[in-house]
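Enquirer: Heads up, the sequence shown is in the numbering used here, so the first residue is 39 and it goes up one at a time.
The beta carbon of each residue, even a glycine, is placed where N, CA and C say it ideally should be.
Got a structure for you, written out below as structure tokens; questions coming shortly.
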Amino acid sequence: NIMLATGSDVVSLPGIELDEKTIVSSTGALSLETVPEKLTVIGGGVIGLELGSVWSRLGSKVTVVEFLDSIGGLGIDKEVAKQFMAILKKQGVEFKMKTKVTGVERTGSGLAVKTEVAEGGGAETAEADVVLVCVGRREFADNLGLADVGVEMEGRKVKVDHHYRTNVPSIFAIGDIVKGPMLAHKAEDEGALVSEYLASGKEPHLDYNTVPSVVYTHPEVAWVGKTEEQLKAEGVEYKKGKFVFGANSRAKANGEEAGFVKVLACKKTDKLLGVHIINALAGELIAEACLAIEYGAASEDLARVCHAHPTLSEALKGATQMTAFGKAVNSP
Numbered sequence: 039n040i041m042l043a044t045g046s047d048v049v050s051l052p053g054i055e056l057d058e059k060t061i062v063s064s065t066g067a068l069s070l071e072t073v074p075e076k077l078t079v080i081g082g083g084v085i086g087l088e089l090g091s092v093w094s095r096l097g098s099k100v101t102v103v104e105f106l107d108s109i110g111g112l113g114i115d116k117e118v119a120k121q122f123m124a125i126l127k128k129q130g131v132e133f134k135m136k137t138k139v140t141g142v143e144r145t146g147s148g149l150a151v152k153t154e155v156a157e158g159g160g161a162e163t164a165e166a167d168v169v170l171v172c173v174g175r176r177e178f179a180d181n182l183g184l185a186d187v188g189v190e191m192e193g194r195k196v197k198v199d200h201h202y203r204t205n206v207p208s209i210f211a212i213g214d215i216v217k218g219p220m221l222a223h224k225a226e227d228e229g230a231l232v233s234e235y236l237a238s239g240k241e242p243h244l245d246y247n248t249v250p251s252v253v254y255t256h257p258e259v260a261w262v263g264k265t266e267e268q269l270k271a272e273g274v275e276y277k278k279g280k281f282v283f284g285a286n287s288r289a290k291a292n293g294e295e296a297g298f299v300k301v302l303a304c305k306k307t308d309k310l311l312g313v314h315i316i317n318a319l320a321g322e323l324i325a326e327a328c329l330a331i332e333y334g335a336a337s338e339d340l341a342r343v344c345h346a347h348p349t350l351s352e353a354l355k356g357a358t359q360m361t362a363f364g365k366a367v368n369s370p
């Protein structure tokens, strides 16, 4: 048997050639020899914000150019994205929203980044020492010879069944080249499931709705399950609770009061549908929510579980109390 796990690769914009020195991808941004005075980030998705945040904290003047009207990429809750942007702005990161980059040219002193309004018009040129291109990734299937052996595709994705098996019985595929979020932890779980299936015959199961997403900025942003926008689009009646870290003892002691926990639950059954967190340790805190949603917990279930004090996890408990009862013991 063969398991394909080739991952993904960076992409650029037409006419913008990466040299990994001054016009860089996420790979080149990790090995810059000096801190650029001016860094322009093309793309306000997860990777662009993560690396832009890093270089901003190291001293760069960072400008993020984003084609859409919100940051964070696909899957982020709009309310979360709004506060996330406000926090990054306070840290000195500048944003040019609903703006497209039309070209990057080399000048005697650095780079000239040409932009215009997404709908067209309003052309501008700004200087930069380094341009970081973060406009997405593509499935990496170069030179695999998939067509030669007859592997069926779904667009750019390898088509697999519920066993992650392709139409060629001895070839399996996981990770970025198959359906689901392009995340390392999702691929890791898929790899383990396929290995277990081949060794023991145990049926693989991975609920993509409970795969968490984390933006590793400072503070971090993490979520699992549905956003408000998704629930509205699906016609699902829901209720929500929100607890700010400014009312959490541990966050106040740590000087990390920015951010909140937002919980979404079914209006009729109270079943947890989504959890969204902004906090320095959001990536750690989201695990409890993943477990709760995976096992079909209600917001009241988490609200009645004893959480240690003082901990950041009490904010999740507070948000579930707000969702289940309309108030929290430690309300702000």
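#1: Which ranges would you report for the beta strand (DSSP E) in the stretch 217-272 if only whole runs of at least 3 residues count?
#2: In the DSSP output, which residue or residues are listed as bridge partners for S46?
#3: Where S351 and S208 are concerned, what is the direct C-alpha to C-alpha distance, given to the nearest angstrom?
#4: Work out the CA separation of S98 and V73 for me, nearest whole Å.
#5: Check F105 in the structure and name its three-state DSSP category.
#6: Is it right to say L68 is buried, meaning 16 or more other beta carbons lie within 10 angstroms of its own, or is it exposed?
#7: Please report the distance separating the alpha-carbon of A335 from that of A185.
#8: Could I get the ranges of all uninterrupted alpha helix (DSSP H) runs contained in the stretch 261-332, with 4 residues as the minimum, in chain order?
#9: Grab the span of the alpha helix (DSSP H) containing K120 for me, first residue to last.
#10: With a 10 Å radius around its C-beta and 16 neighbouring C-beta atoms as the bar for buried, classify L112 as buried or exposed.
#11: Return yes when the Cβ of K116 is within less than 8 Å of the Cβ of E266, no when it is not.
#12: With L87 as the anchor, note down where its alpha helix (DSSP H) starts and where it stops.
#13: Kindly list the residues whose CB is nearer than 6 Å to the CB of P152, restricted to its own chain and excluding five residues on each side of it in sequence; keep chain order.
#14: Give me the Cα-Cα distance between Q359 and T255, rounded to the nearest whole angstrom.
#15: Is the stretch 214-231 touching the stretch 275-295, taking contact as three or more C-beta pairs under 8 Å?
#16: Beta-carbon within less than 8 Å of E332's beta-carbon, same chain only, minus the 5 sequence neighbours each way: which residues are those?
#17: From the DSSP secondary-structure annotation, give me the bridge partner or partners of T361.
#18: Taking the CB atoms as reference points, tell me whether G90 and V131 lie closer together than 8 Å.
#19: Give the secondary structure of L112 by DSSP, where H, G and I count as helix, E and B as strand, and everything else as coil.
#20: Classify T60 as helix, strand or coil using the three-state DSSP reduction.
#21: At which residue ranges does the stretch 127-191 contain complete alpha helix (DSSP H) runs of 4 or more residues, listed in the order of the chain?
#22: Do you know offhand how far A43's Cα is from M220's?
#23: Among the residues of its own chain, which have a CB less than 6 Å from the CB of E88, if the five just before and after it don't count?
#24: Taking Cβ to Cβ, would you say S337 is nearer than 8 Å to V301?
Expert: Let me spell this out:
#1: 251-253, 258-263
#2: Mapped onto the sequence shown, residue 46 falls at position 8. DSSP, once it has assigned bridges, lists E177 as partnering S46.
#3: On the sequence shown, position 313 is the one that residue 351 refers to. On the sequence shown, position 170 is the one that residue 208 refers to. S351 and S208: Cα-Cα distance of roughly 45 Å.
#4: Within the sequence shown, residue 73 is the residue found at index 35, counting from 1. Within the sequence shown, residue 98 is the residue found at index 60, counting from 1. Between V73 and S98, the C-alpha separation is close to 6 Å.
#5: What you label residue 105 is simply residue 67 of the sequence shown in a count that begins at 1. The answer is coil: DSSP assigns F105 none of H, G, I, E or B.
#6: Along the sequence shown, read from residue 1 onward, the residue named residue 68 stands at position 30. Result: exposed.
#7: Within the sequence shown, numbered from 1, the residue matching residue 335 stands at position 297. Within the sequence shown, numbered from 1, the residue matching residue 185 stands at position 147. If I take the Cα positions, the gap works out to 44 Å.
#8: Qualifying alpha helix (DSSP H) stretches, in chain order: 266-271, 287-292, 320-332.
#9: Numbered from its first residue, the sequence shown carries residue 120 at position 82. From DSSP, the alpha helix (DSSP H) with K120 extends over 116-128.
#10: Taking the sequence shown and counting its residues from 1, one reaches residue 112 at position 74. L112 comes out exposed.
#11: The count along the sequence shown starts at 1 and reaches residue 266 at position 228. The count along the sequence shown starts at 1 and reaches residue 116 at position 78. Taking 8 Å as the Cβ cut-off, E266 and K116 qualify as a contacting pair.
#12: Reading the sequence shown from its first residue, position 49 is the one you call residue 87. Per DSSP, L87 belongs to the alpha helix (DSSP H) from 84-95.
#13: Position 114 of the sequence shown, counted from the first residue, corresponds to residue 152. Here the sequence assigns Lys to residue 152, which means Pro is not the residue at that position. T140, G141, T163.
#14: Here residue 359 refers to the residue found at position 321 when the sequence shown is read from its first residue. Here residue 255 refers to the residue found at position 217 when the sequence shown is read from its first residue. Going from the Cα of Q359 to the Cα of T255 covers about 28 Å.
#15: no
#16: For the purposes of this step, residue 332 is taken as residue 294 along the sequence shown, with counting starting at 1. Closer than 8 Å at Cβ, skipping near neighbours: D245, T248.
#17: Within the sequence shown, numbered from 1, the residue matching residue 361 stands at position 323. In the DSSP output, where bridge partners are listed per residue, T361 has none listed.
#18: Residue 90 sits at position 52 when you count from the first residue of the sequence shown. Residue 131 sits at position 93 when you count from the first residue of the sequence shown. In this structure, V131 lies closer than 8 Å to G90 by Cβ.
#19: By one-based count along the sequence shown, residue 112 stands at place 74. Coil at L112, not helix or strand.
#20: Working through the sequence shown from its first residue, we reach residue 60 at position 22. Three-state result, T60: coil.
#21: 184-187
#22: Translated into positions along the sequence shown, residue 43 becomes position 5. Translated into positions along the sequence shown, residue 220 becomes position 182. Whole-angstrom Cα-Cα distance: 12 Å.
#23: Start at 1 with the first residue of the sequence shown, and residue 88 comes out as number 50. In the same chain as E88, and ignoring 5 residues on each side of it, the C-beta atoms closer than 6 Å to its own belong to Y254, T255, in chain order.
#24: In the sequence shown, counting from the first residue as 1, residue 337 sits at position 299. In the sequence shown, counting from the first residue as 1, residue 301 sits at position 263. Contact flag set, yes.
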